[in-house]
Amino acid sequence: MVKPIKLSEANADFFDRVYQVVRLIPRGRATSYGAIAKYLGAKSGSRMVGWAMNAAHKLENVPAQRVVNRNGLLTGKMHFETPTKMEELLKSDGVEVRNDQIVNWKEIFWDPMTELNID
DNA sequence: AAGATGACGATTG
DNA sequence: CCAATCGCCATCT
């Protein structure tokens, strides 16, 4: 029995925004939960982004592997099909991963607010 | 209804 | 620099 996530209309919009940003992440790049949260308004809290990803990980069109914590650490790898799937996907994207952490994170980091030039 | 939890982040000690 | 704590918001028990 699958556990249905209660999606109120309000946070459904939040989910949609998160998915949008995640899908916009170019191949070979990645962003952080906080960056997305900040892009959405920063008030929602980074946890909500992570929580949104939890619901997103079952969606194929949402590359959750490109979303890591501010440290570039693959904190959510355990939530994938397999704990190694996340870094595999990242390596497929051309992202170098070492010790569950993205190498050259500062260069790989893709800030939606900066890259999308929000003003 | 109240407390604990979470794919986080920033600040304080 | 590492450890501990609070803040954030919604969900789960």
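Mapping of the first sequence onto my numbering: position 32 corresponds to residue 32, and the numbering continues sequentially without gaps.
Glycine included, every Cβ here is placed at the ideal spot set by N, Cα and C.
Residue i and residue j closer than 8 Å at C-beta
| i | j | result |
| --- | --- | --- |
| residue 50 | residue 33 | yes |
| residue 18 | residue 63 | no |
| residue 52 | residue 109 | no |
Residue i versus residue j - alpha carbon distance
| i | j | result |
| --- | --- | --- |
| residue 44 | residue 107 | 26 Å |
| residue 89 | residue 70 | 19 Å |
| residue 66 | residue 29 | 7 Å |
| residue 91 | residue 12 | 31 Å |
| residue 42 | residue 31 | 15 Å |
| residue 8 | residue 56 | 15 Å |
| residue 20 | residue 59 | 12 Å |
| residue 86 | residue 98 | 12 Å |
| residue 47 | residue 72 | 16 Å |
| residue 76 | residue 10 | 25 Å |
CA nearest to the CA of residue i, picked from the options
| i | options | result |
| --- | --- | --- |
| residue 80 | 54, 16 and 116 | 54 |
| residue 93 | 99, 56, 100 and 26 | 26 |
8 Å contact criterion, which residue i and residue j should meet: CB distance rounded
| i | j | result |
| --- | --- | --- |
| residue 112 | residue 24 | 7 Å |
| residue 68 | residue 102 | 6 Å |
| residue 115 | residue 104 | Their Cβ separation, rounded to whole angstroms, is 17 Å, which puts residue 115 and residue 104 out of contact at 8 Å. |
Status (buried if at least 16 other CB within 10 Å, exposed otherwise) for residue i
| i | result |
| --- | --- |
| residue 74 | buried |
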